[in-house]
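Worksheet: one structure, shown below.
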Amino acid sequence: MTDDAASGGENPYLSHLPRAERMKSAKKGEDPLSGLVPRQVTAEQARKVLDGRTNPFAFGGPRAFSDTYKKILEKRKDLPVYAQMEEFYQKFNENQIMVMIGETGSGKTTQIPQFVALSDLQFNRPVKTTDGSFGPRMIACTQPRRVAAMSVAKRVAEEMDLTLGKEVGYTIRFEDMTDRQSTFLKYMTDGMLLREAMNDHNLDRYSTIILDEAHERTLATDILMGLLKDVAKRRPDLKIIVMSATLDALKFQKYFNNAPLLKVPGRTFPVETFYTQEPEKDYVEAAIRTVLMIHQAEEPGDILVFLTGEDEIEDACRKIRQEADKLLEDEPELCGPLKVVPLYSSLPPAQQQRIFDPAPPPAREGGPPGRKVVVSTNIAETSLTIDGIVYVVDPGFSKQKVYNPRIRVESLLVSPISKASAQQRAGRAGRTRPGKCFRLYTEKDWAAELIEQTYPEILRCNLANTVLELKKLGIDNLVTFDYMDPPAPETVMRALELLNYLGAFDDNGNLTPLGEIMAEFPLDPQLAKMLIISPEFKCSNEILSIAAMLSVPSVFVRPNQASQRQAADAARAEFAHPDGDHLTMLNVYHAYKSNCPDFATGAEWCWQNYLSHRALIQADNVRQQLQRTMERFNLDLVSLPFEDKRYYSNIRQAIACGFFMQIAHKSGGGGSRGSYKTVKDNQIVSPHPSTTLDHMPEFLVYHEFVLTSRNFIRTVTEVRPEWLLDFAPAYYDPRTLDGELKRVFEGLLRRRESDGRSTKKIPGRGEFVRLAFEYAKVPFSEVNDIETLQALTDPKRAETGRSLHMAVPLLEVQQGDTRTYVSQTPAILDYLAPTLGLAGTQPEVDLAVTRAHILQLTLTALDWANETHNVHHPIGVGLYYEQQKETAAEAAKQFREERIPKFATYFEATLVQNMRTTNVRRVLGTTTSIADLVLFQVLEGLHFAFPRTMQHTASLTPELGRFRSEIAAELGAYLHSKRRRAFNDGLFRHYPELDAP
Numbered sequence: 001m002t003d004d005a006a007s008g009g010e011n012p013y014l015s016h017l018p019r020a021e022r023m024k025s026a027k028k029g030e031d032p033l034s035g036l037v038p039r040q041v042t043a044e045q046a047r048k049v050l051d052g053r054t055n056p057f058a059f060g061g062p063r064a065f066s067d068t069y070k071k072i073l074e075k076r077k078d079l080p081v082y083a084q085m086e087e088f089y090q091k092f093n094e095n096q097i098m099v100m101i102g103e104t105g106s107g108k109t110t111q112i113p114q115f116v117a118l119s120d121l122q123f124n125r126p127v128k129t130t131d132g133s134f135g136p137r138m139i140a141c142t143q144p145r146r147v148a149a150m151s152v153a154k155r156v157a158e159e160m161d162l163t164l165g166k167e168v169g170y171t172i173r174f175e176d177m178t179d180r181q182s183t184f185l186k187y188m189t190d191g192m193l194l195r196e197a198m199n200d201h202n203l204d205r206y207s208t209i210i211l212d213e214a215h216e217r218t219l220a221t222d223i224l225m226g227l228l229k230d231v232a233k234r235r236p237d238l239k240i241i242v243m244s245a246t247l248d249a250l251k252f253q254k255y256f257n258n259a260p261l262l263k264v265p266g267r268t269f270p271v272e273t274f275y276t277q278e279p280e281k282d283y284v285e286a287a288i289r290t291v292l293m294i295h296q297a298e299e300p301g302d303i304l305v306f307l308t309g310e311d312e313i314e315d316a317c318r319k320i321r322q323e324a325d326k327l328l329e330d331e332p333e334l335c336g337p338l339k340v341v342p343l344y345s346s347l348p349p350a351q352q353q354r355i356f357d358p359a360p361p362p363a364r365e366g367g368p369p370g371r372k373v374v375v376s377t378n379i380a381e382t383s384l385t386i387d388g389i390v391y392v393v394d395p396g397f398s399k400q401k402v403y404n405p406r407i408r409v410e411s412l413l414v415s416p417i418s419k420a421s422a423q424q425r426a427g428r429a430g431r432t433r434p435g436k437c438f439r440l441y442t443e444k445d446w447a448a449e450l451i452e453q454t455y456p457e458i459l460r461c462n463l464a465n466t467v468l469e470l471k472k473l474g475i476d477n478l479v480t481f482d483y484m485d486p487p488a489p490e491t492v493m494r495a496l497e498l499l500n501y502l503g504a505f506d507d508n509g510n511l512t513p514l515g516e517i518m519a520e521f522p523l524d525p526q527l528a529k530m531l532i533i534s535p536e537f538k539c540s541n542e543i544l545s546i547a548a549m550l551s552v553p554s555v556f557v558r559p560n561q562a563s564q565r566q567a568a569d570a571a572r573a574e575f576a577h578p579d580g581d582h583l584t585m586l587n588v589y590h591a592y593k594s595n596c597p598d599f600a601t602g603a604e605w606c607w608q609n610y611l612s613h614r615a616l617i618q619a620d621n622v623r624q625q626l627q628r629t630m631e632r633f634n635l636d637l638v639s640l641p642f643e644d645k646r647y648y649s650n651i652r653q654a655i656a657c658g659f660f661m662q663i664a665h666k667s668g669g670g671g672s673r674g675s676y677k678t679v680k681d682n683q684i685v686s687p688h689p690s691t692t693l694d695h696m697p698e699f700l701v702y703h704e705f706v707l708t709s710r711n712f713i714r715t716v717t718e719v720r721p722e723w724l725l726d727f728a729p730a731y732y733d734p735r736t737l738d739g740e741l742k743r744v745f746e747g748l749l750r751r752r753e754s755d756g757r758s759t760k761k762i763p764g765r766g767e768f769v770r771l772a773f774e775y776a777k778v779p780f781s782e783v784n785d786i787e788t789l790q791a792l793t794d795p796k797r798a799e800t801g802r803s804l805h806m807a808v809p810l811l812e813v814q815q816g817d818t819r820t821y822v823s824q825t826p827a828i829l830d831y832l833a834p835t836l837g838l839a840g841t842q843p844e845v846d847l848a849v850t851r852a853h854i855l856q857l858t859l860t861a862l863d864w865a866n867e868t869h870n871v872h873h874p875i876g877v878g879l880y881y882e883q884q885k886e887t888a889a890e891a892a893k894q895f896r897e898e899r900i901p902k903f904a905t906y907f908e909a910t911l912v913q914n915m916r917t918t919n920v921r922r923v924l925g926t927t928t929s930i931a932d933l934v935l936f937q938v939l940e941g942l943h944f945a946f947p948r949t950m951q952h953t954a955s956l957t958p959e960l961g962r963f964r965s966e967i968a969a970e971l972g973a974y975l976h977s978k979r980r981r982a983f984n985d986g987l988f989r990h991y992p993e994l995d996a997p
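Heads up, the sequence shown is in the UniProt record's numbering, so the first residue is 1 and it goes up one at a time.
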C-alpha cells in the first residue's frame with residue numbers, strides 16, 4: 001500500500017471514503033495527499049497540503065478550503081510550534097513515544113493533533129470495536145478539564161475548516177460530541193479515555209494518543225501514563241505523545257524509557273512582577289482593588305484575575321462591574337468601559353467562549369478605550385490561551401482536592417499555589433506585548449512558603465474510584481502497577497476497604513460481579529452502588545434523579561442582595577422535604593420536569609424559583625446517560641405509587657445502602673446543630689446551614705464533608721439504625737464500635753433478640769452470587785455414575801454423615817405406608833429429569849417428589865447449613881462466610897480444593913445474567929433469589945447424573961428458565977400464605993424476614 005501511495009496509486013489516506021469518491025477525486029487531480037507516505041510525512045509535504053486548495057480531511061470527499069480557513073492559516077503560521085514542524089515529524093516518525101515541552105501559547109494543543117492527522121489518516125479505515133461495531137481509527141488528545149476539551153475542539157474544527165461533532169469532536173463526562181462514522185480527531189477529558197480503556201484494554205480505536213497538560217498530573221493522566229506504557233508494548237503501531245507546559249521534562253523522559261524530547265518556546269514578552277508589602281487579609285477584595293487600580297492607572301490591555309471557585313468569581317465579577325460602571329459615570333475622561341467575563345468549568349460552552357470576545361469600544365468617540373477583565377479559576381493557567389491579556393492579578397491560591405485517609409474525608413480546600421503555577425500565571429501577561437503580574441503576596445512568601453511543584457493528585461485524592469477502574473482494566477496487583485509517583489499505602493488500603501464493604505471487591509481483593517457493574521457507571525462507587533440496588537426498593541426512577549442532581553453543581557441560586565436572598569430562601573423552602581436534602585433534590589427535579597415542557601418555559605420557571613436552569617438541564621442529560629447504563633445491565637426502572645407509605649422510606653433505604661459509611665450520629669450535645677459525630681472516625685460535625693431538615697434526627701447520611709471554619713456535612717437525610725444493621729451488619733457490628741454508638745447498636749440487637757428476631761439476614765444477593773460463582777461453581781464431587789448417586793438414598797448412610805454431601809439435610813417423602821428419607825440431589829433429579837426431557841436416563845427411583853418437596857428441601861438446607869457451618873456445601877459456605885469472616889479464606893480454600901469446575905460457563909452465561917436481571921438483590925429473602933438457589937441445586941444434581949448431557953447446558957436454557965419462573969411463583973405463594981408453616985420452623989427462627997406477611 002505504501003508503494004502504491006508513493007507512486008501515485010490509490011491514496012491510502014482516503015480509504016475512509018467510498019471507492020467511487022476516491023477515484024473521482026484522483027481523476028480530477030484533486031488528491032491533496034498524493035505522494036505522502038504514512039508516518040513518513042515531512043514538514044514540506046505537510047505545508048504543501050495545508051497551503052493547497054483542497055481540504056483532505058472532509059468526510060464524504062475532498063472539498064475546497066474556505067476563505068476563512070486561509071485567514072486562520074496565516075495566523076497559525078505565526079505560532080512557535082509551526083516553525084518546528086520538521087523537527088516534530090522527524091521525532092514522531094522515528095519514535096513510538098515522545099515527550100514535548102511547549103509553553104502556553106506555543107500552539108501545541110491545537111497544532112500537534114493536526115500535524116499527526118496528516119500522518120495518521122492511513123489509520124482512518126474502519127476497525128472493529130469492542131462492542132462489535134465499526135468505526136474509523138482516531139487520534140485522541142486528552143485534556144484535564146472539560147472546558148479545555150470543548151473549547152479547543154471548537155477552535156481546531158474551525159482551523160481545519162471542518163464541522164464540530166463530525167470530523168473533529170469532543171467527549172466529556174455526560175456529553176459526547178462525536179460521530180461514529182466520521183470523527184477522526186477527538187479531544188476528550190483524560191477520565192473519559194480511561195473509561196474507554198476499561199472495555200478496550202488495547203485502545204484499538206486509536207492510532208495516536210496525545211496526553212496534553214501532563215504537567216498537571218491529574219489522577220486520570222497518571223493512570224493513563226501507566227496504562228499506555230504497557231499498551232505500547234502490545235501495540236507497536238500505537239504512537240504516544242506526552243505534552244507539558246512546564247520545563248520539568250526529565251521526569252517524563254525517564255518514566256517513558258528515555259523518550260526523545262522536543263522543546264518549543266512560547267511566544268512571550270518580558271513580564272514585570274510586583275509583590276505586596278504585607279500579606280493581604282482578604283485576597284478577593286485585594287484582587288478587586290487591584291483590577292480597578294489597573295483600569296484607572298495602567299495603559300490599555302486586558303486583565304486576567306485568578307480566583308479559586310465559582311462563588312468567588314461571580315461575587316468578584318459583580319463588584320467589579322458595579323465599581324467600573326461608577327467610574328465610567330464619574331470619570332468618563334479617565335476610564336473606558338470594562339467588560340467583565342467569568343470563567344469556570346460549570347459555565348455552559350456559549351458563555352465560556354465570551355473570554356475570546358474583544359474588549360469593548362470606547363464609550364464615546366475619542367474617549368478612553370475599553371478593557372476586558374477575565375476572572376478565572378486556574379484553568380486559564382495553561383489549558384486555555386486568551387489573546388490580549390497584558391495584566392495578571394495573582395492572589396496565590398487555588399482549590400485543590402485533599403484527602404485524609406485516617407478520617408476518610410476528601411475536600412476541596414483553598415490552598416497556596418506552587419512556584420510553577422505562579423510562573424505559569426505570570427506568563428499569561430506577556431503573550432502580545434510586555435506585561436505586568438501583580439502578586440497579592442509578599443516576595444518573602446514566594447521564596448519561603450510556596451512549594452516548587454504542585455503535588456500530583458494521586459498523592460492527595462481518594463483512590464476508591466481509581467482502584468475500581470484499575471481492577472476493571474485488568475490490573476490485579478495494585479502495588480506493582482507502574483505509577484510515576486506511587487500513592488500512599490494507607491490511601492490504597494482505605495480504597496480497598498470501602499470497595500470491600502460495598503461488595504465491589506471480595507476479601508481477596510478480586511472484583512465481584514457487582515463491582516463489574518459498578519465500574520461501568522461514571523460515578524463514585526457509593527453512588528453507583530445506590531443506583532444498582534435501587535430497583536430492590538422499587539425506587540430506581542427516583543434514585544436516578546437524585547444521582548443526577550448530585551452529579552451537577554448546586555441547582556439553588558442565592559443572590560448576594562439581602563432582599564433577594566430572602567426570596568431565594570423562601571423559594572427553596574417550597575421544595576423542602578422534612579426528612580432531608582436528597583428528597584428535596586427529588587422534589588426540585590420532579591417540579592422542573594412537570595413545569596418545564598420547553599426551554600423558554602424552563603428558563604422562566606427557574607428564574608422565578610431561584611433555580612439554575614443550566615444545572616437542571618445538565619442534571620436531565622446526566623440522568624438520561626445513567627438510565628442508558630442501567631438499561632444496558634437490565635436494571636429495572638421502577639417506582640412505588642406516590643401514595644404508598646413506603647415511597648420515601650424506600651428511597652432513604654436505597655441511599656443508606658450506598659452511603660452507609662457516611663453516617664453521622666447525634667451525640668450528647670443537646671439540640672445544637674454541632675452535636676453530631678461521624679461513625680467510626682468520631683469527627684465533630686454540623687449539618688450545613690443550607691439543609692432543609694426541620695428536625696435533628698438520631699442518624700444522618702451525608703453526601704459531602706466540607707472543611708471550612710467548622711466541619712460541615714452537606715446534603716443530609718435521616719436514616720434509621722436498624723437499616724444500617726440490616727444493610728451493613730459487619731460494619732455496624734457493636735464489637736467494632738465504641739462509646740454511645742456501641743450502646744445504640746447493642747441495645748438494638750438486644751431488643752431484636754427479646755422479640756425472637758435476629759438481625760441475621762440471608763446472605764445479600766450480591767454476596768451470595770459472588771460466593772456461589774467463585775466457590776460453588778464447582779459441584780460436589782467427580783461422581784458421575786448413577787449407582788453411586790442412587791446410594792445416596794440410603795438414609796443410614798446419609799444420617800451417619802458418610803454421604804456425598806457430608807450429612808446433607810434429608811427430605812422425608814411419604815410413599816404409601818412407609819416414609820423414605822432422600823437427600824437433595826436424588827430428590828431433585830427424580831422430579832426434574834422428566835421435565836427436562838431426560839426421562840429414561842434418570843436414576844430409577846420413584847419417590848413421588850413434588851415441587852413443594854424441592855422447595856422445602858432447599859429452604860431447609862439454608863437453615864441446616866447455618867447450623868452446621870458446613871463448608872462443603874455452597875449455601876453453607878455463604879453463611880459460614882458471613883458469620884465467621886476471619887476464617888473465610890480457609891473455608892474458600894477448602895472448598896476450592898475439594899471441588900472441580902463442571903459448568904462454570906453456564907453459570908457465567910446464564911446465572912450471572914440472572915443476577916443482573918434481578919438487580920443484584922442485597923437481601924436474599926425474596927422469591928426470585930431463593931428460586932435461584934433452587935436452580936443452583938438443580939444444576940448440580942443434573943450434572944452428577946447426566947454429565948454428558950450437561951456439557952451442552954445451553955440447550956436446556958429455555959426449560960430451566962421456565963422451571964425457575966414456576967419455582968419463584970410457587971415459592972411466593974408459599975411464603976406469603978398460611979401454608980408457609982409447611983416449611984422448616986428453624987428457617988423462620990433464623991430468618992424472620994421471610995415470615996413477613
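Even for Gly, the Cβ is constructed at its ideal location relative to N, Cα and C.
Classify Tyr170 as helix, strand or coil using the three-state DSSP reduction.
Translated into the one-based positions of the sequence shown, residue 170 becomes position 170. Note: Tyr170 maps to strand in three-state DSSP.
Between the Cα of Met518 and those of Tyr610, Ala504, Val242 and Thr110, spot the shortest distance and give me the residue it belongs to.
What you label residue 518 is simply residue 518 of the sequence shown in a count that begins at 1. Ala504 is the residue among Tyr610, Ala504, Val242 and Thr110 whose C-alpha sits nearest the C-alpha of Met518.
Return helix, strand or coil for Leu693, following the three-state DSSP convention.
Position 693 of the sequence shown, counting from 1, holds the residue named residue 693. Leu693: coil per DSSP, three-state reduction.
For the putative contact between Leu616 and Asn541, defined by C-beta atoms under 8 Å, what is the C-beta separation to the nearest angstrom?
Position 616 of the sequence shown, counting from 1, holds the residue named residue 616. Position 541 of the sequence shown, counting from 1, holds the residue named residue 541. Actually they do not touch by this definition, with Cβ atoms about 17 Å apart.
Can you give, in chain order, each stretch of the beta strand (DSSP E) that sits fully within the stretch 271 to 316 and has at least 3 residues?
271 to 275 and 302 to 306
Can you find the residues in the same chain that come closer than 7 Å, C-beta to C-beta, to Pro416, ignoring five residues on each side of it along the sequence?
Within the sequence shown, the letter at position 416 stands for residue 416. Taking C-beta separations shorter than 7 Å and ignoring five residues to either side along the sequence, the partners of Pro416 in its chain run Gly396, Phe397, Glu449 and Leu450, following chain order.
Rounded to whole angstroms, what is the Cα-Cα separation between Ala349 and Lys154?
The sequence position of residue 349 within the sequence shown is 349, counting from 1. The sequence position of residue 154 within the sequence shown is 154, counting from 1. Inspection of the sequence shows that residue 349 is occupied by Pro rather than by Ala. The alpha-carbon atoms of Pro349 and Lys154 are separated by roughly 10 Å.
Using only CA atoms, which one of Pro358, Arg205 and Thr163 lies nearest to Asp120?
Residue numbering aside, residue 120 sits at position 120 when the sequence shown is read from its first letter. For Asp120, the nearest C-alpha among the options comes from Arg205.
Please state the DSSP three-state secondary structure of Asn587.
Numbered from 1 along the sequence shown, position 587 holds the residue referred to as residue 587. DSSP places Asn587 in helix when its eight states are reduced to three.
Which runs of the beta strand (DSSP E) spanning at least 3 residues fall entirely within the stretch 413 to 450, listed in chain order?
The stretch 413 to 450 contains these whole beta strand (DSSP E) runs: 435 to 439.
Grab the span of the alpha helix (DSSP H) containing Ser649 for me, first residue to last.
Taking the first residue of the sequence shown as 1, we reach residue 649 at position 649. Run containing Ser649: Tyr647 to Phe659, per the alpha helix (DSSP H) assignment.
Identify the residues that DSSP records as bridge partners of Arg714: which are they?
In the sequence shown, counting from the first residue as 1, residue 714 sits at position 714. Arg714 pairs with Glu704.
For Thr442 versus Glu278, is the C-beta distance shorter than 9 Å?
Position 442 of the sequence shown, counting from 1, holds the residue named residue 442. Position 278 of the sequence shown, counting from 1, holds the residue named residue 278. For Thr442 and Glu278, yes; Cβs fall inside 9 Å.
Tell me the residue span of the alpha helix (DSSP H) that contains Gln608.
Position 608 of the sequence shown, counted from the start, is the residue given in the question as residue 608. Residues Phe599 to Gln608.
Look at the alpha carbon of Gln561 and the alpha carbon of Val305, and state the distance between them as a whole number of angstroms.
What you label residue 561 is simply residue 561 of the sequence shown in a count that begins at 1. What you label residue 305 is simply residue 305 of the sequence shown in a count that begins at 1. Using only the alpha carbons, I get a separation of about 24 Å.
Bridge partners for Asp176 per DSSP, in chain order?
Position 176 of the sequence shown holds residue 176. Paired residue(s): Thr171.
Label Phe256 either buried or exposed according to how many other C-beta atoms from any shown protein chain fall within 10 Å of its C-beta, with 16 as the threshold for buried.
Locating residue 256 in the sequence shown gives position 256, counting from the first residue. Buried: at least 16 other Cβ atoms inside 10 Å.
First and last residue of the beta strand (DSSP E) that includes Phe397?
Taking the first residue of the sequence shown as 1, we reach residue 397 at position 397. Start and end: Phe397 to Asn404.
Is Gly301 near Arg439, with beta carbons less than 9 Å apart?
Mapped onto the sequence shown, residue 301 falls at position 301. Mapped onto the sequence shown, residue 439 falls at position 439. It is not a contact, given that the beta carbons lie outside the stated cut-off.
DSSP three-state assignment for Thr268, whether helix, strand or coil:
As a position in the sequence shown, residue 268 is number 268, starting the count at 1. Per DSSP, reduced to three states, the secondary structure at Thr268 is coil, with no helix or strand assignment.
Could you check how far apart the C-beta atoms of residue 1054 and Glu698 are, in whole angstroms? I think they sit under 8 Å.
For the chain, the structure presents residues 1 to 997; residue 1054 sits outside this window and is missing.
Under DSSP, the alpha helix (DSSP H) around Tyr82 begins and ends at which residues?
Counting from one through the sequence shown, the residue named residue 82 turns up at place 82. It spans Pro80 to Ala83 - the alpha helix (DSSP H) in which Tyr82 sits, taken as one unbroken run.
Do Ala420 and Asp248 come within 9 Å of each other at the CB atom, strictly closer than that value?
Translated into positions along the sequence shown, residue 248 becomes position 248. Translated into positions along the sequence shown, residue 420 becomes position 420. Closer than 9 Å, so yes.
Residue burial classification, Glu574 (beta-carbon count within 10 angstroms, cutoff 16):
Here residue 574 corresponds to residue number 574 of the sequence shown, with the count starting at 1. Per the 10 Å Cβ criterion, exposed.
Taking Cβ positions, are Lys339 and Val375 nearer each other than 9 Å?
Translated into the one-based positions of the sequence shown, residue 339 becomes position 339. Translated into the one-based positions of the sequence shown, residue 375 becomes position 375. Judged by beta-carbon spacing, Val375 lies beyond the 9 Å limit of Lys339, meaning their Cβ atoms are not closer than that value.
Relative to the C-alpha of Lys399, which candidate in Gln84, Lys251, Tyr344 and Lys444 has its C-alpha closest?
Walking along the sequence shown from the start, residue 399 turns up at place 399. When each option's Cα is compared against that of Lys399, the closest is Tyr344.
If you count every other CB in all the chains shown that lies within 10 Å of the CB of Thr382, and 16 or more means buried, which is it?
Indexing the sequence shown from 1 puts residue 382 at position 382. Buried: at least 16 other Cβ atoms inside 10 Å.
On a Cα-Cα basis, can you pick out the residue from Val242, Arg408, Glu457 and Thr268 that is closest to Val390?
Position 390 of the sequence shown, counted from the first residue, corresponds to residue 390. Per the Cα distances, Thr268.
So what's Ile517 in DSSP terms, helix, strand or just coil?
Locating residue 517 in the sequence shown gives position 517, counting from the first residue. Helix at Ile517.
What would DSSP say about Ala728, mapped onto helix, strand or coil?
The residue labelled residue 728 in the question sits at position 728 within the sequence shown. Ala728 falls in the coil class under three-state DSSP.
First and last residue of the uninterrupted beta strand (DSSP E) at Gln143:
Along the sequence shown, read from residue 1 onward, the residue named residue 143 stands at position 143. First-last of the beta strand (DSSP E) with Gln143: Met138 to Gln143.
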